[in-house]
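Here the structure comes first, spelled out in structure tokens, and everything after it is commentary.
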Amino acid sequence: MATITLSNVSKDYGGGPVLRGIDLEIREGEFVALMGPSGCGKSTLLRLIAGLEEPGGGQIRIDGRLVNDVAPKDRDLAMVFQSYALYPHMTVRENMSFALKQRRLPQAEITRAVEGAAAKLGLTALLERKPKALSGGQRQRVAMGRAIVRNPKAFLFDEPLSNLDARLREQMRYEIRKLHRELGATSVYVTHDQVEAMTMADRIVALNDGAIQQVGSPQDLYDNPANLFVAGFLGSPPMNFLDATLAQDGALVVEGQTLARVPPPAGLASDAAVTLGLRPERLALTTPTNSVPTRVDMVEPTGTGRVVHLALGAQRLKLFTMDTRPLAPGETVGLSVPPGAPLLFDPGSGTRVA
Amino acid sequence: MSRALALRLEPYFYTAPSLLLIAAIMLVPLVTGLSYAFHDLILLDPLSGDFVGLDHFREMLNDDGFWTALRNTVVWTAVSVALQFGFGLILALLLDRPFPGRGLVQALVFLPWAVPGFLSGLTWAWLFNPVIGPLPHWLHGLGLLATPENILSDPHLALWGPIAANVWWGIPFFAITLLAALQSIPKDIYEAAAMDGAGPLLRFRRVTLPLLAPTIAITVMLRTVWVANFAELIVVMTKGGPADATQILSSYIFTLAFQRLDFGYASAVAAVLLLLLLAYAAAVMVLRHVMTERA
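Residue numbers (the working numbering), protein chains in the order written: chain G, 80 to 433; chain D, 18 to 312.
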């Protein structure tokens, strides 16, 4: 178990910076998700921690020890790769024993560790098989097993579930989370999947364009996103963004209609243009007479409820409702925005203003 | 014709054209060539052509030239293939990692392969000639030769001349195939091994070598058969001499057939070479099968 500290870490492959000024403290036993779209630098950041890449600048410390120049094999970290990277010429048992053999542990101890991990992951019957005789889900487990037998200082996961089908992914999410609870080991988990980040992480590090956008608990990022990127990345269906003007008295005007009122914010010019963020599930349908009239564009049933596409003037937004009343495209319905739902962003910089 | 019979015969009709073609271009010459081995067939002797049974093979047992050639074939093949493989592997490993100008170096490395064997034999013969070539002087300077003389005219050393040329000429084959095999090993397997605590040497031994093994087995087998049959360099550089000291079986066959014009005896030696190579190939196949079964 370890703390991992990054200060002002940067990386450049020669085509512009991949990571800029990364400051991050990963606490002992914590499960941290590095989340962002492809190309945001999250995998590079993980590989820097692993030692598979060298940082261009800054310092990486594991348990306070500077590891910038320490080879991966001497960092005592275990990594689960997206491709699993199992040794194709070795059986499951040999795959899982490989690291322990390098450390010249006694054979009895290796056998005990491998069989213990195999039992935990349901691999006991597969120990003598080679990777090519395993299904995708089983290979994934072997990759996990290879990591946990080592009892490393920390686990690094590089999109470990992205090659699995949706059902298996959900199951493995649960199992990884459970393993983490049992082992209590520091874990860094790279994902582009907001559901994985939300459901698994103690804290999410949202990355975009090589820089940290926000760090916090999943709920905190969901409720209080620091900018448009974080707000738009988390949530399905995603947050609605509307062009609005904010009057001096706190009225939020969209397409000439006052959609909601917020406490009059300080420091904003009168009738300032803002980007209004609204979570689809926080909006409510009412009758057109006592709220803002909007037109139903399309209705998508999801099973749990319905996603209703609404047209408000020239702008579109989505609303998620569990209301079961009949809705037809073209119908006019009322849109109600409860207090506390509106999030305001600066349309230029994308940062949150209220 | 009954329908059942027609259905039974149908596949044979489809395959007949290619089978006939294969028989015509492969089996007929092979059988003809083998049949010469049992005949007394000397091109300049119009009275020859009788069936002589196993006479040629009995003659071979007492033919010093044959035994020298057989010994030379083993040395020539083993040393050439081992050195070609060793240098080829080193080159492939060097070329596997990126460096500035890799494309150019790759092209240069593969150049010897493009030189006709005949031409490289001539060039190497000149290199070993003390009048115009530097090699004897270098070898003398290094203390490997007492005097800067042509090793090709020394019966004890002459075989090393064609071997040197053969190694130079054959390295690219191993470099190309091993490089291709190296590049097909996923990079993240090395990274996983690095994370698992394996240093560069161990990664080479536990990851690279086992994953290259199938390619190594097949290329070494191919090259061995190939090199054992490869008489060109020897014919060009030493003509099997001095005093037949550098004959290998294939150059001996060439000499017997096209200089002594004794086609019958040449065919008998060729049949023995064919048998030896078949036995070798079968042994390698069995070995490979046993190894993959166990692995």
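Ideal placement from N, C-alpha and C gives every residue a C-beta, glycine not left out.
Keep in mind the model is a prediction, meaning the values are calculated, not measured.
Proximity of M158 (chain G) to chain D, defined by a Cβ-Cβ separation below 8 Å, is satisfied.
Sixteen is the threshold: since fewer than 16 other Cβ atoms of the shown chains lie within 10 Å of the Cβ of I39 (chain D), the residue is exposed. Taking a 10 Å sphere around the C-beta of T272 (chain D), we find 16 or more other C-beta atoms and assign the residue as buried.
Runs of the alpha helix (DSSP H) lying entirely within the region 337 to 395 of chain G, each at least 4 residues long, are absent. In this structure, G120 (chain G) lies near L286 (chain G), with their beta-carbon atoms less than 8 Å apart.
Residues of the region 223 to 245 of chain D that bring their beta carbon within less than 9 Å of a beta carbon in chain G comprise R223, V224, P227, L228 and A230, in sequence order. By the 16-neighbour rule on beta-carbons within 10 angstroms, L357 (chain G) is buried. At a cut-off of 8 Å between C-beta atoms, A197 (chain D) does not count as an interface residue with respect to chain G.
Taking the Cα of A234 (chain D) as reference, the smallest distance to any Cα among D:G216, D:M302, D:A197 and D:D261 is reached at D:M302. When C-beta distances to chain G are compared with 8 Å, the residues of the region 186 to 219 of chain D below that value are P203, D205, I206, E208, A209, A210, A211, M212, D213, G214, A215, G216 and L219, in chain order. Taking C-beta atoms as the reference points, I270 (chain D) and A283 (chain D) count as a pair closer than 8 Å. Assignment of H271 (chain G) by DSSP, reduced to helix, strand and coil, places it in the coil class. Short of 7 Å from the beta carbon of L98 (chain G), and not among the five residues preceding or following it, lie these beta carbons of its own chain, in chain order: V88, S89, K90, G120, T123, L124 and G289. In this structure, the CA atom of I283 (chain G) is about 22 Å from the CA atom of G137 (chain G). Exclusion of the five residues before and after D80 (chain D) leaves no residue of its chain whose Cβ lies closer than 8 Å to its Cβ. Selection G:S296, G:R154 and G:T381 evaluated against P316 (chain G) yields G:T381 as nearest (Cα-Cα). Inclusion of A209 (chain D) and L169 (chain D) in the CB contact set at 8 Å is not warranted, their separation being larger than that value.
Around the beta carbon of M318 (chain G), 16 or more other beta carbons sit within 10 angstroms, so the residue counts as buried.
Rounded to whole angstroms, the Cβ separation of P134 (chain G) and L127 (chain G) is 5 Å, and the two are in contact under 8 Å.
In this structure A198 (chain D) is not in contact with T241 (chain D), their Cβ atoms being roughly 18 Å apart against a cut-off of 8 Å. In the three-state DSSP reduction, G137 (chain G) falls in the strand class (E or B).
For Q181 (chain G), the neighbours in chain D by C-beta distance under 8 Å run, in chain order, D213, G214, A215 and L219.
A distance below 6 Å between beta-carbons, with the five flanking residues on each side excluded, links T236 (chain D) to the following residues of its chain, in chain order: T194.
In the three-state reduction of the DSSP assignment, N174 (chain G) falls in the helix class. At the C-beta level, F247 (chain D) and P189 (chain D) stay beyond 8 Å of one another. Going by beta carbons, R252 (chain G) and M279 (chain G) fall inside the 8 Å limit. Taking the Cβ atoms as the reference, P153 (chain D) lies roughly 6 Å from L162 (chain D), within the contact range of under 8 Å. Between D113 (chain D) and A164 (chain G), the C-beta spacing is not below 8 Å. N183 (chain D) has its alpha-carbon roughly 12 Å from the corresponding atom of F102 (chain D). Contacts with chain D at 8 Å (Cβ-Cβ) do not include S241 (chain G). Around P151 (chain G), the beta-carbon contacts reaching into chain D at under 7 Å are A211 and M212. Rounded to whole angstroms, the separation of the alpha carbons of A276 (chain G) and L103 (chain G) is 17 Å.
The beta strand (DSSP E) runs of length 3 or more contained entirely in the region 258 to 342 of chain G are, from start to end of the chain, 265 to 270, 282 to 287, 290 to 295, 319 to 325, 330 to 333 and 336 to 340. For L100 (chain D), the CB contacts under 7 Å within the same chain, skipping 5 residues up- and downstream, are V184 in chain order.
Counting along the chain, no alpha helix (DSSP H) covers A157 (chain G); the unbroken beta strand (DSSP E) around it starts and ends at L156 to V159.
What F177 (chain G) touches in chain D, judged by beta-carbon distance under 8 Å, is A210, D213, A215 and R223, going in chain order.
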